[in-house]
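Here's the structure we're looking at; comments come further down.
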Ligand SMILES: Cc1ncc(COP(=O)(O)O)c(C=O)c1O
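In full-length UniProt numbering, the protein residues as written are 1 to 362.
Below is the structure:
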């Protein structure tokens with residue numbers, strides 16, 4: 001059994017992917033070819049925003065968003081320590097300081113009720129992370145941001161395809177930043193990512209930053225990066241969009257089915273708030289005897305993963321940004337979370353096997 005079944009997805013989309021990739025090989029515009037603009041238009045329409053800017057990765061998307069907002073030395077950005085390193089890493093790379101705010105213990109997303117207390121005169125932005133595929137309490141976060149004149153960058157690396165109060169993730173704030181890493185809900189076959197915004201000036205800044213800050217060829221109006229997404233990867237995303245609606249439906253249904261099948265077990269499940277859904281980039285539960293349960297599952301042939309075992313403020317590179325005793329819910333979650341196999345192509349028979357093995361392990 002695969003933790004994420006990308007082979008079954010490829011088998012289902014083989015012809016479209018090959019046709020799309022062959023078209024790129026034939027026209028030969030490997031950088032900024034026509035598939036780049038085609039994918040950006042398709043994704044902007046899907047998210048319901050004016051601008052989509054494809055970039056080299058989800059990490060690059062976050063960094064370019066911060067740079068477009070002119071966030072740098074002396075500035076603070078509020079985020080969560082219970083995330084992949086890229087969230088805080090890009091804040092530090094931009095020259096700013098990450099300020100860690102604890103998570104809600106039931107959703108593992110940043111606790112909006114704790115944000116206000118972390119705001120200082122240096123705060124410039126809030127970066128909530130839509131962890132596991134569920135958007136954080138964006139209405140509350142946007143309201144705080146508006147009151148204090150802050151930008152909001154949604155780290156939506158795991159939540160492309162999710163909705164919040166009926167609106168798509170990535171289109172809910174100043175910038176939405178997603179990743180097309182192969183295992184993400186919408187993945188390519190390498191690295192890729194995208195930024196989404198309704199702000200024309202920020203979109204223009206992001207477009208320039210992704211090509212070394214050029215406003216036109218060899219005219220460098222600002223500092224930028226080499227941050228383009230290549231044409232072949234955009235072609236893969238275009239092919240994958242063909243059955244993406246079906247994949248999201250499957251993910252939601254499989255998430256519900258896991259929830260029901262696990263209801264009588266003595267383990268805590270992630271809570272999905274009623275005004276949003278979760279596209280389950282990872283289907284994650286909380287187990288107290290995690291090492292033993294993970295070993296038992298492995299012995300039964302069930303692959304699992306931990307997203308994430310150490311909160312960022314307990315990592316050597318980020319320890320200076322918060323005391324060890326800060327963010328106790330993030331610390332507790334990191335000790336308990338366990339992700340089970342999840343992908344649109346997971347069969348119900350395999351899901352039953354996973355649940356039976358987990359029942360046995362517990
Ligand atoms: C929450 C989060 N943020 C950022 C990233 C970075 O994305 P990428 O791997 O495409 O750089 C990832 C994925 O790896 C992620 O899960």
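Quick reminder that beta carbons are idealized off the backbone N, C-alpha and C, glycines included.
On a predicted model such as this, the values are computed, not experimentally measured, just so you know.
Neighbourhood of residue i by C-beta, 7 angstroms cutoff - its chain only, sequence neighbours within 5 removed
i           : result
residue 267 : 285, 286, 287, 362
residue 230 : 30, 31
residue 74  : 122
residue 76  : 96, 97, 99, 120, 122, 123, 124
residue 133 : 158, 159, 162, 185, 278, 279, 280, 281
residue 316 : none
residue 191 : 56, 57, 181
Given residue i as reference, the closest of the options once Cα atoms are compared
i           : options            : result
residue 27  : 41, 351, 275, 232  : 232
residue 8   : 223, 50, 94, 342   : 342
residue 38  : 315, 290, 234      : 234
residue 135 : 244, 103, 215      : 103
residue 100 : 139, 292, 354, 88  : 88
residue 329 : 11, 81, 75, 6      : 81
residue 204 : 169, 68, 86, 332   : 68
residue 178 : 60, 220, 348       : 60
residue 351 : 321, 322, 260, 281 : 260
residue 157 : 86, 147, 215, 140  : 86
residue 239 : 5, 2, 202, 42      : 42
residue 91  : 106, 105, 65       : 65
residue 241 : 347, 346, 40       : 40
residue 105 : 255, 265, 327      : 327
residue 164 : 47, 146, 256, 219  : 47
Pairwise C-alpha distance: residue j and residue i
i           : j           : result
residue 303 : residue 336 : 17 angstroms
residue 305 : residue 270 : 16 angstroms
residue 296 : residue 339 : 14 angstroms
residue 111 : residue 289 : 26 angstroms
residue 222 : residue 181 : 28 angstroms
residue 70  : residue 124 : 10 angstroms
residue 189 : residue 17  : 10 angstroms
residue 275 : residue 228 : 35 angstroms
residue 155 : residue 278 : 15 angstroms
residue 176 : residue 248 : 19 angstroms
residue 108 : residue 137 : 11 angstroms
residue 246 : residue 273 : 22 angstroms
residue 36  : residue 237 : 10 angstroms
residue 353 : residue 258 : 11 angstroms
residue 183 : residue 282 : 10 angstroms
residue 253 : residue 263 : 15 angstroms
residue 321 : residue 139 : 27 angstroms
residue 168 : residue 4   : 23 angstroms
residue 217 : residue 358 : 57 angstroms
residue 55  : residue 210 : 7 angstroms
residue 78  : residue 62  : 13 angstroms
residue 170 : residue 159 : 8 angstroms
residue 291 : residue 332 : 15 angstroms
residue 214 : residue 25  : 27 angstroms
residue 347 : residue 294 : 21 angstroms
residue 15  : residue 33  : 21 angstroms
Inter-residue CB distance, residue i and residue j (contact presumed, cutoff 8 angstroms)
i           : j           : result
residue 94  : residue 58  : With 8 angstroms as the limit, residue 94 and residue 58 do not qualify as a contact, their Cβ atoms being about 15 angstroms apart.
residue 142 : residue 49  : Incorrect: roughly 15 angstroms between the Cβ atoms, too far for contact.
residue 251 : residue 344 : 6 angstroms
residue 212 : residue 226 : 6 angstroms
residue 130 : residue 152 : With 8 angstroms as the limit, residue 130 and residue 152 do not qualify as a contact, their Cβ atoms being about 12 angstroms apart.
residue 161 : residue 128 : Residue 161 to residue 128, Cβ: 17 angstroms. No contact.
residue 308 : residue 84  : 7 angstroms
residue 11  : residue 243 : Going by Cβ atoms, the distance from residue 11 to residue 243 rounds to 12 angstroms, so no, they are not a contact pair.
residue 187 : residue 208 : About 27 angstroms separates the two Cβ atoms, so there is no contact after all.
Residue span of the beta strand (DSSP E) that contains residue i, given as start and end
i           : result
residue 76  : 76-79
residue 98  : 97-100
residue 126 : 123-127
residue 288 : Taken as a continuous stretch (DSSP letters only), residue 288 belongs to no beta strand (DSSP E), as it is neither H nor E.
residue 195 : 193-197
residue 313 : Premise fails: residue 313 is in no beta strand (DSSP E) and is neither H nor E.
Residue span of the alpha helix (DSSP H) that contains residue i, given as start and end
i           : result
residue 248 : 244-261
residue 350 : 348-361
residue 304 : That residue, residue 304, is in no alpha helix (DSSP H); it is neither H nor E in DSSP.
residue 16  : 6-27
residue 320 : Neither: residue 320 is in no alpha helix (DSSP H) and is coded neither H nor E.
residue 212 : Counting along the chain, residue 212 falls outside any alpha helix (DSSP H), and DSSP gives it neither H nor E.
residue 58  : 58-68
residue 40  : 34-47
residue 146 : 138-148
Proximal residues to residue i (C-beta, below 8 angstroms), its chain only, five neighbours per side dropped
i           : result
residue 310 : 334
residue 324 : 313, 314
residue 44  : 50, 51, 52, 196
residue 360 : 296, 300
residue 144 : 112, 115, 116, 119, 126, 150
residue 20  : 35, 235, 236, 238, 239
8 angstroms Cβ cutoff, residue i in contact with chain B
i          : result
residue 51 : Reference to chain B is not applicable here, since this structure consists of a single protein chain.
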